[in-house]
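Some notes on the structure that comes next.
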Amino acid sequence: MTAWGRFGENKQLEPKWLRQEGGPVTVRLRKELAQEHWGQVQVKVTKGATCHCLPPTAVRKGKKLMITVPPLEKGDYDVTVCVGTKPLQGCFPLEVGDTAADDDSASGDLMQLGNMKCT
C-alpha cells in the first residue's frame with residue numbers, strides 16, 4: 061500500500077479541511093524522524109505568497125506531528141514538513157473554509173443534477 065492510502069486518498073494529513081478559526085492538525089510522516097531532529101522540525105502552511113511556519117506542539121513516536129493552525133483566510137493551502145530548511149516530503153493539500161456553507165452548495169448542486177432529464 062502506498063503512502064497515499066488504498067484508493068489514492070491522502071492519509072498523511074488529518075483533518076483535510078479546517079474552519080477559518082483554525083485548530084489542531086495531525087501530520088503523519090512516512091519514516092520515523094530521529095529524536096535529535098525534533099527541535100528543528102517546522103510545518104509550513106502556504107497559500108500563494110503567505111507562509112506560516114508552525115512548530116509542532118507534540119511529536120508521537122517520531123512519525124506523527126501535531127500542530128495548531130492559527131486562524132486563516134478561506135482557500136486551499138499546501139502543508140510541508142521541513143527539518144531546518146529542507147522539506148522532508150511533498151506537500152499535502154489543506155482546505156480552509158466554512159464547511160456548513162460548502163455542504164449546502166454541494167447538496168444544492170446534487171439536487172439540480174437529480175432534477176435534470178435525459179433526452
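So the sequence shown is numbered by this note's numbering: it starts at 61 and just counts up by one. Think of the CB as a built atom: it goes at the ideal place given N, C-alpha and C, for glycine as much as any other residue.
Where the beta strand (DSSP E) containing residue i begins and where it ends
| i | result |
| --- | --- |
| residue 84 | 83–88 |
| residue 94 | Per DSSP, residue 94 belongs to no beta strand (DSSP E) and is neither H nor E. |
| residue 114 | 110–114 |
Residue i versus residue j - alpha carbon distance
| i | j | result |
| --- | --- | --- |
| residue 137 | residue 129 | 11 Å |
| residue 134 | residue 98 | 30 Å |
| residue 85 | residue 152 | 12 Å |
| residue 110 | residue 155 | 15 Å |
| residue 105 | residue 96 | 23 Å |
| residue 146 | residue 91 | 15 Å |
| residue 124 | residue 79 | 22 Å |
| residue 173 | residue 115 | Reliability of the predicted coordinates at residue 173 is poor, the pLDDT of 39 falling under 50, and no value is obtained from them. |
| residue 73 | residue 127 | 11 Å |
Bridge partners - residue i, DSSP secondary structure assignment
| i | result |
| --- | --- |
| residue 142 | 102 and 147 |
| residue 153 | 138 |
| residue 124 | 88 and 120 |
| residue 78 | 156 |
| residue 132 | In DSSP, residue 132 forms no bridge with anything. |
Cutoff 8 Å: residue i Cβ touching any chain C Cβ
| i | result |
| --- | --- |
| residue 145 | The chain labelled as chain C is not found in the depicted structure, where only one protein chain is given. |
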